[in-house]
Structure formats: structure tokens, C-alpha cells
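Reviewing the structure listed below.
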Amino acid sequence: MWKVVPVVKKGTEQIIDWLSIVLLFGIFALGIAQIIRRWILHNPIVWSEELIQLTYVWICYLGWVIAERADSHIRITAICNMFPVKVQKWLQIFNHVLCIIFSALMVFYGIKLVGIGMKRTAVSLRWLNFGIVYVIGPICNFIIICYELAALAECITKGPKDYSDVGGDE
């Protein structure tokens, strides 16, 4: 069973990467098309701005997952790096637990939001159900919980990560 985990992880990461690329390209192409249609052809695409905004929500969530995967979130390490390694370990464990709790709440309330969104459609895109837009929240937060659990286990077993070598004491 544990041999399946790396395959699923790699597949999930590739899907997230490609989906991010496709959505970002879609926003760019739709934005350019909107500019051309509005300013050159004087016939704007009425629904483009709303679709760009809703797609941006997905890109932000996917970006959050990518940053979590790379452990590249903003952190201030100057004070934490002054503590002994044992204290750093407990601070990092506390941080991972807080992130897990926050993401679990986001999953719980995100599922409720999806249910509410199923009853609403976008203003200019009557075929676009807001449940589709909101579903990215619980999915991405579940993935973040998985990353945080792995980081928590690594911190407990191997000790705290040393962030002093990746950018200094910010």
C-alpha cells in the first residue's frame, strides 16, 4: 500500500501543476481577447471579467498548494533561529498543528459553502454553478492537510527544519 503513495503524490502534483498552467493561460488568453473585442472590435465579451475572477480563485488555491508543497510560505525566522533546537522543534510542531486545524476548518466550512453555492449561478454565466467554483477550497485544503501531516511527522522524527540557510534571518 505504501508504494502507491508516491505514485498518487506525483500524479496529484502533476495535475495541480498542469491545471495551474492551463487556468493561468486561460485567464491570459481571455483577457487579451476581451481587450481586442472591447477596444478594437467595439463588441466586448460580457462574461469574460466574471470568468476571469472566478478562475483566479482556483489559481490562488492551487498556488497555495504549490507553495505548501515547496515549503515556501512566508515565514519570519530571525527570532525562532535564536532558540535552541528543541524549542525550534516544538515551535514547528505547533505551527504544523495550527495549519492542520485551520485547513480542517476550511474543509469543513468549505463543504458547507459548496452546498450553498450549488443553489447559485454566476450572473453572466448561467451555466456556471458556484458550487463548482467553491469546490476547490475543500479539495486544496485536504491536500494541504496531507502535506502538513507529512511535515509534522518529519519534524517529530527528524527534528526541526533549518530555515537559516534558505534566505537568512528575515
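Under my numbering, think of the first position of the sequence shown as 8, with each following residue one higher. No residue lacks a Cβ here, since even glycine has one placed at the ideal position from N, Cα and C. This structure is a prediction, so every number in the text was calculated from the model and none was measured.
> In this structure, does DSSP put Thr-128 in helix, strand or coil?
Replying inline: strand
>> Let me confirm a value: Ala-158 is counted as buried when at least 16 other C-beta atoms fall within 10 Å, else exposed. Which label applies?
In response: buried
>> With H, G and I counted as helix, E and B as strand and the rest as coil, what does DSSP make of Asn-50?
In response: coil
>> Whole angstroms are fine: how far does the CA of Ala-74 sit from the CA of Arg-133?
In response: 33 Å
> Where Trp-54 and Tyr-170 are concerned, what is the direct C-alpha to C-alpha distance, given to the nearest angstrom?
Replying inline: 45 Å
>> Rounding to the nearest angstrom, what Cα-Cα distance links Ile-59 and Ile-86 in this structure?
In response: 40 Å
> With contact counted as at least three CB pairs below 8 Å, one residue from each stretch, are the region 110-117 and the region 145-158 in contact?
Replying inline: yes
>> Can you find the residues in the same chain that come closer than 8 Å, C-beta to C-beta, to Ala-40, ignoring five residues on each side of it along the sequence?
In response: Ile-52 and Ser-55
> If you pair each beta-carbon of the region 135-143 with each one of the region 59-69, do three or more pairs fall below 8 Å?
Replying inline: yes
>> Just to check my reading of the structure: Glu-20 and Arg-76 have Cβ atoms closer than 8 Å, yes? What is that Cβ distance to the nearest angstrom?
In response: 7 Å
>> Restricting to Cα atoms, I'd like to know which of Trp-46, His-49, Val-12 and Ile-34 is closest to Val-7.
In response: Residue numbering for the chain in the displayed model covers 8 to 177; residue 7 lies beyond these limits and cannot be assessed.
> Are the beta-carbon atoms belonging to Ile-163 and Ile-107 less than 8 Å from one another?
Replying inline: no
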